[in-house]
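Notes follow the structure.
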Amino acid sequence: MAVATALGAAALMGGIGLTVSSAWLITMAAQHPPILVLGVSIVMVRFFGISRSAARYAERIVSHETVFRRLTSLRVNLYQKLAARVNQLTHDLNSGNFVKAIVDDVERAQEYQLRVVLPRYAAFVSIGFGIIVSLWIFPLTLIFILPGSLILLLFIPKIISSRCSVISYEIEEAENQYAHQLSNATYGITEAVLFGYQDLVLGNLHNLEAKILELEKRLLRLILKLQALSVFVFGLVIVASAELMYEQSRVSAIPSVKIAMAIFLPLVIFEGITIWYPNLFISGKLLRAQISVDEFLAASDDQTPFAKLSPSAHEVELKGVRVAWNEHFMAPVSCTVKPGEILVIRGKSGSGKSTLAMGILGLLPYAGEMTIGGIEVRDISDIHHLISGSLQRGHIFNTSLRENLKIGKPDASDAELQRMCDLLELNAIDLDSVLGELGRPISGGEAKRVGVARALLSNAPIVLLDEPTEHLDAGLGARIEERIARECIGRTLIVITHSGWLKSDRTVDIARE
């Protein structure tokens with residue numbers, strides 16, 4: 050980014066050089082001197098004109114290439130963080146606020162460097178160069194150029210930082226809340242319409258919309274005032290410099306070329322400000338994004354990797370466990386299952402069986418103690434290597450059966466996949482068959498068995514299956530039950546069901562409080 054900043058400053062300095070040398074050339078040419086007198090200035094005009102364009106073009110290439118490289122690296126780091134902390138972040142990933150953060154903030158964080166930081170340094174360098182040129186042309190012009198530069202480089206940005214950035218930061222926070230509320234409203238709008246409370250749901254959204262609109266208006270009014278102030282400073286420096294040169298020309302014999310250069314210089318010296326300010330006014334949003342990304346990447350990860358657990362320490366123990374999305378509703382659950390055993394968890398519909406399954410998989414927060422090998426589930430980072438599960442609503446991707454099954458074991462061969470299909474009687478579906486969006490072309494029983502196949506293909510020592518024989522007739526259900534039990538010999542099998550599954554080493558019944 051330093052190279053890009055230097056190129057950006059070079060482009061602005063090229064503009065200053067082009068304007069000043071053009072002023073010299075035009076003024077001198079009006080006096081009809083010998084052509085050789087104009088030779089150097091002609092070359093300088095060409096040089097600054099070409100170098101200005103070349104530097105700007107190179108700055109665009111270098112800066113955007115740097116930003117894209119950083120963006121790629123940032124996304125990779127972000128993915129690694131998400132993958133390492135999936136059991137901590139799953140609840141947040143379901144919120145519009147969090148999704149907006151990891152999608153929008155990543156790009157905006159890089160825009161802050163590109164749109165605010167780079168132009169700021171380029172403006173400082175170019176105005177410093179312009180001050181040196183002004184000192185060479187006519188030092189008295191610094192009486193107006195120096196104060197104008199200080200106001201534009203320090204005073205107005207200070208106001209923007211203390212007021213505009215705060216408002217735009219508030220707008221970003223309100224937009225995050227709006228994204229979260231919109232996500233919740235979209236998820237539950239059908240129920241809201243059916244039961245007649247959609248006005249309450251939409252009312253919250255409208256209130257946030259009104260808040261965002263009011264903040265945007267406040268920001269716009271402040272921006273207009275600051276823009277007017279900056280234009281006033283531009284004009285004041287230009288007019289004052291012209292008036293100064295006019296008065297000086299009356300009392301002393303100043304070459305006309307100096308007068309022209311001194312008047313032309315203020316017209317271009319602040320070009321960097323016009324590039325910097327538009328994005329500086331809304332920099333609060335970009336800065337908020339930068340802070341958000343930095344906080345996420347800097348978050349400490351004190352979880353225990355699965356690799357540190359000994360293979361013999363896969364005993365699952367629950368003591369007074371209650372799992373919930375928001376408010377607790379299930380009675381505390383206590384049980385123990387040793388490696389190689391089958392645990393069946395039963396309960397009526399709505400008792401929290403599937404919720405408990407998500408808690409065991411580390412996908413929901415829980416109260417009480419839930420340990421594997423003596424370590425709390427919430428403290429195991431790569432728990433997906435330890436437990437493989439098939440939830441009640443397993444997602445079917447709009448791709449082939451082969452790719453859907455390989456989610457459980459990415460390096461599985463076709464022979465392994467076909468054996469699993471035969472085991473679960475999925476052989477009516479070809480491995481190359483596309484299952485369609487959300488698996489709609491296949492039956493509910495087939496979709497359930499695809500999820501079970503993924504879990505069984507995994508090398509995880511613990512397998513959790515939520516209603517594995519759902520949507521199956523009695524005969525097929527019994528066969529699948531027997532084959533799953535045989536396939537999981539040597540592994541811990543946890544089955545959650547409201548009926549069926551006759552063979553087990555331990556059984557737990559759960560209920561609502």
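For the sequence shown, the positions run 50 to 562 when the numbering used here is used.
Ideal placement from N, C-alpha and C gives every residue a C-beta, glycine not left out.
Computed from a prediction, not measured in an experiment: that's the story for all the values here.
If we count Cβ pairs, one from each stretch, closer than 8 angstroms, do we get three or more for the region 291-306 versus the region 228-240?
-> no
CB-CB length for V250 against A259, believed under 8 angstroms = The pair is not a contact, with the Cβ atoms about 16 angstroms apart (cut-off 8 angstroms).
Who does Y415 pair with in a DSSP beta bridge?
-> Paired residue(s): V372.
Residue environment, T121, which counts as buried when at least 16 other CB atoms sit within 10 Å = exposed
Bounding residues of the beta strand (DSSP E) (the contiguous stretch that carries L542) = 541-546
On the premise that S198 lies in contact with A58, defined as a C-beta separation below 8 angstroms, what is that separation, rounded to the nearest angstrom?
-> Not a contact, Cβ separation roughly 15 angstroms.
Beta carbon of I456, beta carbon of I65: below 9 angstroms?
-> no
Specify the secondary structure class of S359 as computed by DSSP and reduced to three states.
-> Caution is warranted here: a pLDDT of 48 is assigned to S359, below 50, making its placement in the model unreliable, and no coordinate value can be reported.
Going by the CB atoms, is the gap between E465 and I4 shorter than 9 angstroms?
-> Any property of residue 4 remains undetermined from this structure, which presents the chain solely from 50 to 562.
Taking 9 angstroms as the CB-CB limit, is M50 close to chain D?
-> No chain D is present in this structure, which holds just one protein chain.
C213 - DSSP class collapsed to helix/strand/coil = helix
For S305, collect the residues of the same chain with a Cβ closer than 6 angstroms to its Cβ; drop the 5 residues on either side in sequence, then sort them by chain order.
-> Excluding residues within five positions, the ones whose Cβ falls inside 6 angstroms are T76.
Beta-bridge partners of A420, as assigned by DSSP | For the sequence presented, residue 420 should be read as Thr rather than Ala. The partner list for T420 (beta bridge, DSSP) reads E366, E425.
Alpha carbon to alpha carbon, how far is A502 from T556? Give it in angstroms, no decimals.
-> 24 angstroms
Spell out a yes or no on whether the region 377-387 and the region 420-440 are touching, meaning 3 or more CB-CB pairs, one atom from each, closer than 8 angstroms.
-> Touching, no, given that fewer than three Cβ pairs across the two stretches are closer than 8 angstroms.
Since S482 is in the beta strand (DSSP E), which residue starts that stretch and which ends it?
-> That residue, S482, is in no beta strand (DSSP E); it is neither H nor E in DSSP.
With C-beta atoms as the reference, is V499 less than 9 angstroms away from N453?
-> yes
Minimum C-alpha distance to D343 - residue among F446, Q159, R109 = Q159
Is DSSP giving M310 helix, strand or coil here?
-> Correct three-state label for M310: helix.
Selection from S439, Y227, I491 that minimises the alpha carbon distance to T448 | Sorting S439, Y227, I491 by C-alpha distance to the C-alpha of T448 places I491 at the top.
Could you say if the region 107-124 and the region 77-93 meet the contact criterion of at least three C-beta pairs nearer than 8 angstroms?
-> no
Hey, which unbroken runs of the alpha helix (DSSP H) at 4 residues or more fall wholly within the region 250-305?
-> none
Contact between the region 216-224 and the region 90-101: three or more CB pairs below 8 angstroms?
-> no
Report yes if the CB atom of K497 is closer than 9 angstroms to the CB atom of L472, and no otherwise.
-> no
In the DSSP assignment, what are the bridge partners of R561?
-> Beta-bridge pairing links R561 to M379.
Can you give me the Cβ contacts of E376 inside the same chain, cut-off strictly under 7 angstroms, excluding the 5 residues immediately before and after it?
-> none
Could you tell me whether the region 175-195 touches the region 277-290, using the rule of 3 or more Cβ pairs below 8 angstroms?
-> Pairwise C-beta distances place the region 175-195 in contact with the region 277-290, as three or more of them are shorter than 8 angstroms.
Enumerate in chain order the residues of its own chain whose CB-to-CB distance from L392 is below 6 angstroms, with the five nearest sequence positions on each side excluded.
-> V386, I543, R555
What is the residue span of the alpha helix (DSSP H) that I533 lies within?
-> That run of the alpha helix (DSSP H) goes 523-536.
Range of the contiguous alpha helix (DSSP H) that encloses S341 = Per DSSP, S341 belongs to the alpha helix (DSSP H) from 332-347.
Check the C-beta distance from L450 over to S482 and give it rounded, since I have them as a contact under 8 angstroms.
-> 5 angstroms
Less than 9 angstroms separating the beta-carbons of Y326 and Q247?
-> The answer is no: Cβ separation not under 9 angstroms.
Run of the beta strand (DSSP E) containing D471, from where it starts to where it stops | It is not in any beta strand (DSSP E) - D471 instead sits in the alpha helix (DSSP H) that spans 463-472.
Can you tell me the Cβ-Cβ gap for G539 and G417, rounded? I've got them flagged as a contact below 8 angstroms.
-> The pair is not a contact, with the Cβ atoms about 29 angstroms apart (cut-off 8 angstroms).
Give the single residue among A560, A523, R561 whose Cα lies nearest to the Cα of L646.
-> Nothing about residue 646 can be read from this structure; the chain reaches only from 50 to 562.
Would you please state the rounded distance, in angstroms, between the beta carbons of G321 and P206? I believe it to be under 8 angstroms.
-> Not quite, the Cβ-Cβ distance comes to about 12 angstroms (not below 8 angstroms), so this is no contact.
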